[in-house]
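For the sequence shown, our numbering assigns the number 6 to the initial residue and increments by one for each residue that follows.
By construction, the Cβ of each residue, glycine as well, lies at the ideal position given by its N, Cα and C atoms.
Step one of this worksheet: look at the structure below.
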Amino acid sequence: MTHLAYLLPLLPLAGGTVLALLGRRLGEPLAGWLGTGTVLGSFVVACIEYAALLGRHGPGGRTVVQVLWSWIPVAGFQVHVGFLVDPLSMTMVLFVTGISALIHLYSIGYMHGDEDFSKFFVYLNLFVAAMLILVLGDNLLLTFVGWEGVGACSYWLISFWFDRDAAASAGKKAFIYNRVGDVGFLLAMFLVFEKTGSLDYRTIFAHLSNFGPAATTAVVLLLFLAAVGKSAQLPLFPWLADAMEGPTPVSALIHAATMVTSGVYLMCRMNPFLARAHDASLVIASIGVATAFIAGTIGATQQDIKKVLAYSTVSQLGYMFLAVGVHAYIAAIFLMVAHAFYKGLLFLGAGSVIHAMGDEQDLKRMGNLRRYLKLTTVTFGVAWLAISGIPPLSGFWAKGDVLDNAFAFNKGLWAVGLAAAVVTAYYLSRLMALAFFGEERWRKVFPTAQAVAAERAGQADPEVANLLHDGPAPAHHGEGPHGDPHEGPWVMALPLVVLAVLAFFGGALNLPWHPSWDPLGWLSPVFGSRLYAAHLSGTTKWALGVVDSAAALVGLGVAFPLWTRQWHRPQLEPTFLQRGWYIDAAIDTLASHGGQQVAAVAGGPVEQGVIDGAVMGAGRLAALVGGVVRRVQTGYVRQYAVGIVLGAVALLAWMAAQAWR
């Protein structure tokens, strides 16, 4: 059945095309249902392909290449549009289409009433199609097409509400940051082609002997540069927090199922190169674990509920790159899948809160929402415990698998990763306490329109006035009876329940329950057996599991009571952490302000003194030469005759000298 692979990206691509042409005529909610149906269709095809691949045996194993047509037939450079269907690509396809279908369904309710409802689903469909091309491409160039496709779609989606300056700027920022990484991707492709004459994965891997140590390290680091941009690692992660300006379903799609995971996928796909580049692998692991810790500390001080989750994504991606760096590729994919479950649930749960609170995103203006959003509280709570690493939820097993491999590879990396795990449990517990527990601050801050008017007139209660001064009042703070927050429609509730079940039981995907049950074990032929944790004893693994659980409980036990009792603790939110360790400011200073200074110099001394001087100097030189030559052209025949005679004499003298020799 693998001949159906072409339908995987074709269905959402066709859906996006139809919606672009007829979306406004279809209107709401039909346009949303069409977009959701095409992605759901891709998920059904993915399940069929998965079953067919499981049943394959023989010399080819579970790897099938479907070539559709010849794309670039130029002499020795042959590139086909072909899909590589193997355990790695199918694992990616399954969770990309499954999670994306749930996000599409959720969007039908979340985007209700938006004037560009149909356009939103055009972008969502194209985003999913691009991601599927990225993971299915059988060569680096086709992967790069999908890579650029998700970059373009992210720009459209992040800046979807482009009438907001912040959203427009965030879209541009994401686009530019990703272009920095794309330079690494392009240079890596040039180097690979120079060594092998091909960009096809199978051909490249068959000619690894053509790469010396320096070339291998260069390919790995250049591709990692691409991954740093796309998957938001140090120092190119600031764009991901600003990307929260897009609608919440966009945040869920980018952070849980697409785009940011593409860098991890690329490094896993190129694992034969990493196996030959130990130093480069250590660089990847070190940057990954540093990102996990630093992003976690930033997330622990944010007030915007979506920005906390954004930095959480950066941190979790750091864990994935830690796994890649220690060659624990199955652990990286396991965490990627588990992360798709609980991070998708966290963002959709945050969207439910924002929807109920009338677009309010400030955690300090929430509180006690568990009373009004019972389903959201329970499902969000499952995701909170899962990402914190509380057993037996999925995050405990997935993150523990990464930390076990890091422990066997390098104890220093493991120690930093464990510290990041404590921070993870802390900032998610802080979020949970501020949003769903404690006092109802949204009542105190915005009790009525009359109270807001009284505050503006200087007649409000001092406590209310102080809270109101924290920022502008939203247009409204709830959509339920009497202004109380309430749950969204069923299309928003169903994805929460499904993802909560997956986040709870997702750890079963990689647990040795029975020899016949090993869903992620089928990835072994793609990656080989380079697993450091395999050398750990059973006692050591049990001990590490206890330590992981203790780390999660410490973070949870410190943060939850701390932030439930009091919501205002500025001493725990230092400015340098709120400002992201000033990394964004440093990049802005170096790139933006530095670029302006370079432009000022280039537009002044360089442009006027060098470029304009060279052009004007050439003109003056031509005029000078013309003035000298013009004196020779007198118009007198006798002068020309003398010149001819002198020339003839000189020529005869030269010929005589040559004959004399």
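| Item | Value |
| --- | --- |
| In chain order, each alpha helix (DSSP H) run of at least 4 residues that lies wholly inside the stretch 350-397 | 379-393 |
| Supposed close pair residue 412, residue 402 - CB separation, criterion 8 Å | Actually they are not in contact, since the Cβ atoms of residue 412 and residue 402 sit about 15 Å apart, beyond 8 Å. |
| Exposed unless 16 or more other CB atoms sit within 10 angstroms - verdict on residue 77 | exposed |
| Which residues DSSP lists as bridging residue 77, in chain order | 84 |
| Length at least 4, wholly inside the stretch 210-290: the alpha helix (DSSP H) runs in chain order | 218-235, 243-247, 253-257, 267-274, 276-279 |
| Cβ separation of residue 269 and residue 329, assumed to be a contact under 8 Å, to the nearest whole Å | 6 Å |
| At least 3 beta-carbon pairs within less than 8 Å: the stretch 276-284 vs the stretch 139-153 | no |
| Touch test, the stretch 253-272 against the stretch 158-172, Cβ-Cβ under 8 Å, three pairs minimum | yes |
| Own chain partners of residue 16 with C-beta closer than 6 Å, once the 5 adjacent residues on each side are dropped | 43, 46, 47 |
| Residue range of the unbroken alpha helix (DSSP H) whose run includes residue 553 | 543-570 |
| Counted within 10 angstroms of its Cβ, other Cβ atoms place residue 235 as buried (16 or more) or exposed | buried |
| Among 308, 290, 126, the one whose alpha carbon lies nearest that of residue 321 | 290 |
| Residue 89 - partner residues in DSSP beta bridges | 70 |
| Whole-angstrom distance between residue 515 and residue 524, CA atom to CA atom | 7 Å |
| For residue 119, three-class secondary structure by DSSP | coil |
| Under the three-state DSSP convention, the category residue 143 falls into | coil |
| Distance, residue 272 Cα to residue 336 Cα | 13 Å |
| Through-space distance from residue 563 to residue 577, alpha-carbon basis | 12 Å |
| Own chain partners of residue 428 with C-beta closer than 7 Å, once the 5 adjacent residues on each side are dropped | 298, 301, 302, 305, 560 |
| For residue 309: DSSP bridge partner residues | 367 |
| Bridge partners - residue 205, DSSP secondary structure assignment | 144 |
| Own chain residues within Cβ distance below 6 Å of residue 251, not counting five before or after | 162, 163, 165 |
| Buried or exposed (CB count within 10 angstroms, at least 16 for buried), residue 365 | buried |
| Where residue 184 sits in the DSSP three-state scheme | helix |
| Simplified DSSP state of residue 169, which is helix, strand or coil | coil |
| Backbone CA spacing between residue 580 and residue 444 [nearest angstrom] | 25 Å |
| Residue 341 versus 352, 355, 324, 356, residue with shortest Cα-Cα distance | 324 |
| DSSP-derived helix/strand/coil call for residue 347 | helix |
| The stretch 423-441 contacting the stretch 566-574, beta-carbon criterion three pairs below 8 Å | yes |
| First and last residue of the uninterrupted alpha helix (DSSP H) at residue 625 | 617-637 |
| Cα-Cα separation, residue 151 to residue 36 | 24 Å |
| At least 3 beta-carbon pairs within less than 8 Å: the stretch 546-560 vs the stretch 387-401 | yes |
| Three CB pairs or more closer than 8 Å across the stretch 170-190 and the stretch 203-218 | no |
| Sufficient close CB pairs (3 or more, under 8 Å) joining the stretch 498-505 to the stretch 350-357 | yes |
| Residue 101 vs residue 132 beta-carbon contact at 8 Å | no |
| Straight-line Cα distance separating residue 374 from residue 382 | 8 Å |
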